[in-house]
Amino acid sequence: RAEHTAGREFEQVVLGRPVHFVDDDAQADQEAEDTLAEVARKIGFKDVSFQFEPIAAAFDYESTIKDEELVLIVDIGGGTSDFSLVRLSPERRQHDDRQQDILATGGVHIGGTDFDKQLSLQGVMPLFGYGSRMKSGAYMPTSHHMNLATWHTINAVYSQKSQLALGSMRYDIEDTGGIDRLFKLIEQRAGHWLAMEVEETKIQLTHAENRHLPMDRVEAGLSVDLSRVMFEAAIDAQLERVRNSVTNLLSDAGVSVEQVNTVFFTGGSSGIPALRNSVS
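Each residue of the sequence shown is one higher than the one before, counting from 779 in the working numbering.
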């Protein structure tokens, strides 16, 4: 559609990418970028280049300022958290080469779906047997709950093998109420529905202290009250990794916290109050 509107073909493209596709693995990270570049070439682009997503956000913010600032860009996406420390100003904006203005980049493979997963496991999955005890005293295996709490593995619980494994556990569970609800959820193939409800809860808890989540689709009268306090406790370990990544970024750049003029947040999960407070 863009080519049709412009009346010509496009042969060059700049693709946004996270700072790290894969944490602590330069080879795997390069392979991911190479795969994306190959896809772009196959659809007709001849000149393919990449830009870190937080750098693109920095240049967008730069269009709004009047004086020079040292800015920490915090881009919290669905699967990654990316950071850039950049010098910005109206004068610098006129330069074609901005490499000297980029003091440091960094990131960690944590994003919105990780926050969803922790909220699901701590707040919702206990109603479906997560944390239940076997008659032996051991905890019920958690693979089904982990799969349901992780968007791209939800379909795994619908396999015959998975359901047979779950069925074999039922007679060894002390309290079968949770596992019976889990069966109902799987029989209805309602995993993605539940994941979307959890995501919506996360979104609502960015501006509300509580959310009542009804789950009558699974069982009449079934519901749970989820709070921001509980959510923040559930994602504390993930927030700590984000904090550490930002700390390391500033250290690598030789910049103190006091020298940073502005923290600019972008990305779908950047509105989480605990995250903003933690980084700021």
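Ideal placement from N, C-alpha and C gives every residue a C-beta, glycine not left out.
Inter-residue CB distance, residue i and residue j (contact presumed, cutoff 8 Å)
| i | j | result |
| --- | --- | --- |
| Val797 | Pro832 | 7 Å |
| Leu972 | Phe1009 | Contact doesn't hold; Cβ gap of about 16 Å is too wide. |
| Ala1031 | Leu881 | 4 Å |
| Leu897 | Thr979 | 7 Å |
| Val1002 | Gly901 | 6 Å |
| Gly884 | Ser1023 | 6 Å |
| Gly1040 | Val849 | Residue 1040 is actually Thr in this sequence, not Gly. Their Cβ separation, rounded to whole angstroms, is 5 Å, which keeps Thr1040 and Val849 in contact under 8 Å. |
| Phe906 | Arg959 | 5 Å |
| Gly969 | Leu963 | 7 Å |
| Phe828 | Arg876 | In fact, because the Cβ distance is near 15 Å, the residues do not count as touching under 8 Å. |
| Phe893 | Ser1047 | 6 Å |
| Asp801 | His887 | 5 Å |
Residue i to residue j span [Cα, whole Å]
| i | j | result |
| --- | --- | --- |
| Ile981 | Ala1012 | 15 Å |
| Val935 | Ala810 | 28 Å |
| Arg948 | Pro919 | 11 Å |
| Glu725 | Ala927 | What is shown of the chain runs 779 to 1058, which leaves residue 725 out entirely. |
| Val1038 | Asp874 | 24 Å |
| Gly915 | Asp950 | 10 Å |
| Lys895 | Met924 | 8 Å |
| Leu991 | Thr858 | 27 Å |
| Lys844 | Glu1036 | 20 Å |
| Glu847 | Leu1028 | 15 Å |
| Glu987 | Asp1014 | 17 Å |
| Leu942 | Ala998 | 26 Å |
| Asn1055 | Phe788 | 42 Å |
| Lys939 | Gly945 | 10 Å |
| Asp812 | Gly856 | 21 Å |
| Arg995 | Phe961 | 13 Å |
| Phe799 | His922 | 27 Å |
Sheet register partners of residue i (DSSP bridge)
| i | result |
| --- | --- |
| Ser1001 | Pro992 |
| Gly956 | In DSSP, Gly956 forms no bridge with anything. |
| Leu793 | Phe828 |
| Ile951 | Met912 |
| Phe1043 | Val852 |
Residue closest to residue i, alpha-carbon to alpha-carbon, out of the options
| i | options | result |
| --- | --- | --- |
| Phe861 | Gln1037, Asn1026, Ala1052 and Asp812 | Asn1026 |
| Val1057 | Asp853, Phe823, Glu787 and Lys824 | Asp853 |
| Ser1034 | Gly856, Leu863 and Gly857 | Leu863 |
| Met903 | Arg779, Met993 and Ala1052 | Met993 |
| Ile821 | Ala836, Phe837 and Gln790 | Gln790 |
| Leu899 | Lys913, Val886, Trp929 and His887 | Trp929 |
| Ile932 | Asp807, Met974, Arg1021 and Tyr917 | Met974 |
| Lys913 | Gln878, Ser937, His922 and Glu952 | Glu952 |
| Gly1045 | Ala806, Phe823 and Ala834 | Ala834 |
Would you mind listing the alpha helix (DSSP H) stretches within the stretch 818-859 that are 4+ residues and don't spill past its ends, in chain order? Counting only runs of 4 or more, we get 831-840.
Enumerate, from N- to C-terminal direction, the unbroken alpha helix (DSSP H) stretches of 4 or more residues contained entirely within the stretch 854-919. Those alpha helix (DSSP H) runs which fall completely within the stretch 854-919 and span 4+ residues are 890-897.
Can you list, in chain order, the stretches of the beta strand (DSSP E) that have 3 or more residues and sit fully within the stretch 959-987? Taking 3 residues as the shortest admissible run, the stretch 959-987 contains no complete beta strand (DSSP E) segment at all.
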